[in-house]
Every structure is written in C-alpha cells, then in structure tokens.
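According to the numbering used here, the residues represented by the sequence shown are -7 to 402, in order.
Below: the structure, in structure tokens.
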Amino acid sequence: MTDSPWPAPPQGTCGLPPALEVEVAILGAGIHGAALARELTLRGVSCALVDKGEVGGGTSQWSSQLLHGGIRYMLTGDIRQMREGLAERATWAHIAPHRCRWEAFWMPHRFGLEGLAHRIGIGLYDHWGSERPGWPPALHLGHVPRAAFEADPRSARGPFGGATAYADLMTWDRELTRDLAASSAALRLDFHEPEGFEDAGTSLKSLRLRDRRDGMARRLTARRWVFALGPWTDGAMAQWFGESRKRLRLSSGIHLWFDAVPGCERPWAIRRPKGRILFVIPRDGRLQVGTTEREVDDGWVPIVETERAELFEALEACLPAIPWRGLPVRAEELGVRPLVAAGGATTHLSREAVLERHARFQNLTLVLGGKLTTARALMDQLATDLTGISCEASRTEPLRLWDGQPAEIR
C-alpha cells in the first residue's frame, strides 16, 4: 500500500483538534462508509469518516453508474439478489431524485427465440421492479418498434433483429457518495493516513492519523470500528495487523468514453455469449462503453491493452456500423470490484456482501464485497446491529446535495 497511487491532497488544513472521540469510527469514505455515516447520524450516534483520499475518490467513482437490480442476475438465476436490488433502486429514486434518472434500456436480440426469452425475462424484471418513482411517461418498455430500432445507427449491419426495453436507474456515483457524506454529521477526516492502532487485547481503542495536507498528527478514539475499505481491505489488514488471510478477490472492469454518436438516444445492454453484458450508454453528452472482467491484486491497477482490445472487439462484433477505432477516446476509467473470496472464475462470483465480526477485535466489523445499489440497505442493517436502533427514515429522508448544485446527469 504505497502512497504513490493515491491522489495528492489539496492545499489547506483540516481544522479539527488533535484528539477526537466518537462512538463509531468508519475507515473508508466510499459508498459504504458514507452510507453508514448517514445511518448513524439518523440514529443520533456520533461517528468519524476517515479516508486516505477524498470522499468517493476510489472505487465509488468508477462503477457502471447504475442503480439496478442486475439484469445479468436474471440470466444467472440469482433472483433473490436481483429483487433486493430492484427494491433498493426504488429507495434511491425516493431519497436521491436529484442524482437519478430513469432510462429505458434496450436489450437487442439476434433471433426470434432469443427475443421471446428476453421479453419473458425482462417482463419479470420490470414486474418485480414496478415501483419506479418519477418514471417519465414518455419512456416505453417491452417490445421496441421496428422503425425505432432501425433508426438507431447501432442496429445497421449488425447481428440483431430487434430489441426489448427494460427500466433501470442511472446515477452519478461519486456525487451520490458525497451526498451521503453531506447528509451525515460525521467528523470528516479525509486525506488522513492511518499510522497505527492502540488496542486492549480483544478490542481496538484508538488510531493514530497523519493529515496528508499539513503533516499534523491526530488521535481518534472510538468504542466501535468499521472498516469499509473496499478492494484495499486485505492490504490494510496485512499492513496494520500482519494478517495474511485473503478475504476478497478483486476484479477490474473498464469503461471508455467517446463523443456522442448522433441517433444513439437510448442505452443498450448487449448480452455476450461469454463475458459480461456490454453497455453502450449515451450520457452527459458522450457515449460510455463497458465493461470488462480481469482478476487483479490491488485496488489501484492500470488499464492493460487486452482490456481495451476486448471492448473494441465486442463493439465491432455487435455494432459494426459505427467506426469505433476511428472515434477518439475522450476518457478511460477502471474500477475494481471487491468480490467475497471463493473458488472459480470471478465472472461467476456474486456481488453479495458480508459483514464480518473480526475474530480478535470484537468491536471491529469488516464490510466485504457489496455494490453501489444495495449499499444503503446493507449499512442500514449494520447501523441497526451496532446501535440496536432501527430507522425507517433511512428509506425516506432525502439526501442533501454536497455542493448545492443540480445533478450531473442531464
């Protein structure tokens, strides 16, 4: 866990005193850490949100930026996880309408039987996900009329004969994470490097921190600790406590951003015989394409040429009418999925999360795995476990905008 991959801190100082004490200390200011800070605030419990970088500055800014049930779970048979995601999708639409936008995603089919299977499966997906607050009446689901399909330049000269539309929710993941943090009263200790813990044998007591901006030392004391470190969990546990156990397997996925292509109005989700679903999504005046699957060893890894090649080959095979290699790539991003460790290929591992009580430190909980869509529900559960207080407002209280500005998505 070298310092070099982490972005340099901004100029300025933190302003907090050198000694701090809270009920719950949260390490990791990604989607799970920020969501937990909000949950604890809703319950009137003091907390601190600690991160070596900035809020939402790691994996939580490089997801597919979808709040969804997971249409691929329909294909893999993981119906329970899919329905959980669909329920949470509706909750996000209630509490963060300023960061969400409903879309009708087109899933193209190659032949009639595949189209029938799509209509049945997607029909169930939309039936189980029928709660869609703020759904735009102009968007239509189900069978895509042939004239509309053929008017999209992606349909020309390709293998597809039609498409079925299903509903999903687009978001801006980094802004959503920051909104969650802004909706809490947590002591914010971003750009703070953990230097070492003090423990009492079976429990953690305090953490020594170094402000990366001005070098100031701080000491954070807490009764309970939560590590929501995403793909950096195993490395942190090895560095801080000498643990060699691998709790996670890491899978990278990349997105490429092109200029907008005229006529590509609806997002497409393309089933690939092998590999992940290929998304081609018009958003923010550009065209986002992803994603891939590669097992990696760390949360900061570079994009490799094989990942770019995989996306270009998939685009050319599925959507040959668009000259993909002639379009300038305006941006590239790589996110790392933390998957709960198991055997087999990472393509077959679930995105389910595990809340692990540490075997030695009984006041420490590790958040393992998980995903953007279900982060709120998981942290609602954890906050209830930690405090003994349930909180219905978690599902209904609107988030504050961290910057007071309109949503990024338009």
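All C-beta atoms, glycine included, are put in the ideal place defined by N, C-alpha and C.
Endpoints, alpha helix (DSSP H) assigned at residue i
i	result
Cys310	297 to 310
Phe271	No alpha helix (DSSP H) contains Phe271, which is instead part of the beta strand (DSSP E) from 270 to 275.
Trp232	225 to 233
Gly25	23 to 34
Leu374	367 to 379
Reference residue i; option with closest CA among the options
i	options	result
Phe152	Gly193, Leu172, Ala313	Ala313
His247	Val328, Asp160, Ala367, Trp84	Val328
Val281	Gly291, Cys256, Val218, Trp292	Cys256
Asp226	Ala79, Leu358, Ala375, Gly25	Leu358
Glu308	Leu331, Ile262, His350	Ile262
Phe103	Arg180, Gly154, Ile63, Glu123	Gly154
Glu97	Ile71, Gln73, Phe141, Arg237	The question names Glu, but residue 97 is Phe in the sequence shown. Minimum Cα distance to Phe97 is reached at Phe141.
Val332	Pro320, Glu324, Ala345, His24	Ala345
Cys310	His101, Ala109, Arg239, Arg278	His101
Glu348	Phe271, Thr284, Trp217	Trp217
Arg392	Leu8, Leu12, Leu34	Leu34
Met99	Gly115, Gln73, Pro89	Gly115
Gly318	Phe304, Glu325, Asn355	Phe304
Asp395	Ser175, Gly134, Trp(-2)	Ser175
Glu16	Asp70, Asp251, His110, Leu179	It should be noted that the sequence gives Val, not Glu, for residue 16. The shortest Cα separation from Val16 among Asp70, Asp251, His110, Leu179 belongs to Leu179.
Leu196	Glu384, Ala252, His350	His350
Pro315	Arg149, Cys383, Phe271, Met229	Arg149
Pro274	Ala252, Ala109, Asp289	Ala252
Tyr117	Ala130, Leu270, His24, Leu78	Leu78
Leu360	Ala209, Phe233, Ser147, Lys238	Lys238
Met66	Trp54, Gln53, Ser382, Ala109	Ala109
Gln3	Ile112, Gly113, Gly207, Asn355	Gly207
8 Å Cβ cutoff met for residue i and residue j
i	j	result
Asp171	Arg300	no
Leu370	Gly362	yes
Lys44	His132	no
Ser198	Glu187	no
Gly48	Arg215	no
Gly121	Ala159	yes
Thr83	Arg368	yes
Thr163	Leu59	yes
Arg211	Ala11	yes
Gly61	Arg72	no
Leu240	Pro330	yes
Glu46	Asp182	yes
Glu13	Ala375	no
Pro(-3)	Trp292	yes
Ala271	Ser56	First, the residue type needs correcting, since residue 271 is Phe and not Ala in the sequence shown. Cβ atoms of Phe271 and Ser56: closer than 8 Å.
Ala29	Ala192	no
Glu324	Trp54	no
CB-CB length for residue i against residue j, believed under 8 Å
i	j	result
Arg205	Cys6	7 Å
Pro125	Ala85	4 Å
Gly20	Leu201	Contact flag wrong, Cβ pair sits at about 14 Å.
Thr365	Ile87	Wrong, their Cβ atoms sit about 13 Å apart, outside the cutoff.
Arg322	Trp249	5 Å
Thr194	Phe353	7 Å
Leu161	Arg64	Their Cβ separation, rounded to whole angstroms, is 16 Å, which puts Leu161 and Arg64 out of contact at 8 Å.
Glu287	Ser243	6 Å
Val37	Ile18	In fact, because the Cβ distance is near 11 Å, the residues do not count as touching under 8 Å.
Arg268	Thr284	7 Å
Asp377	Ser386	At roughly 14 Å, the Cβ-Cβ gap does not stay under 8 Å, so Asp377 and Ser386 are not in contact.
Boundaries of the beta strand (DSSP E) in which residue i is found, first to last residue
i	result
Arg322	321 to 332
Thr169	Counting along the chain, Thr169 falls outside any beta strand (DSSP E), though it belongs to the alpha helix (DSSP H) covering 165 to 174.
Leu242	240 to 251
Ala40	39 to 42
Leu357	The sequence given here has Thr at residue 357, not Leu. From DSSP, the beta strand (DSSP E) with Thr357 extends over 356 to 361.
Asp191	184 to 191
Ala214	209 to 219
Trp410	The chain is shown only over -7 to 402; residue 410 falls outside these bounds and no answer can be derived.
Lys197	196 to 203
Trp260	260 to 262
Glu408	This structure cannot speak to residue 408, because the chain is shown only from -7 to 402.
Gly282	278 to 282
Leu19	11 to 19
Arg180	179 to 181
Chain E contact for residue i (CB, 8 Å cutoff)
i	result
Val281	In the displayed structure, chain E is absent; only one protein chain is listed.
List in chain order: all unbroken beta strand (DSSP E) runs of 3+ residues lying wholly within the region 80 to 141.
92 to 101
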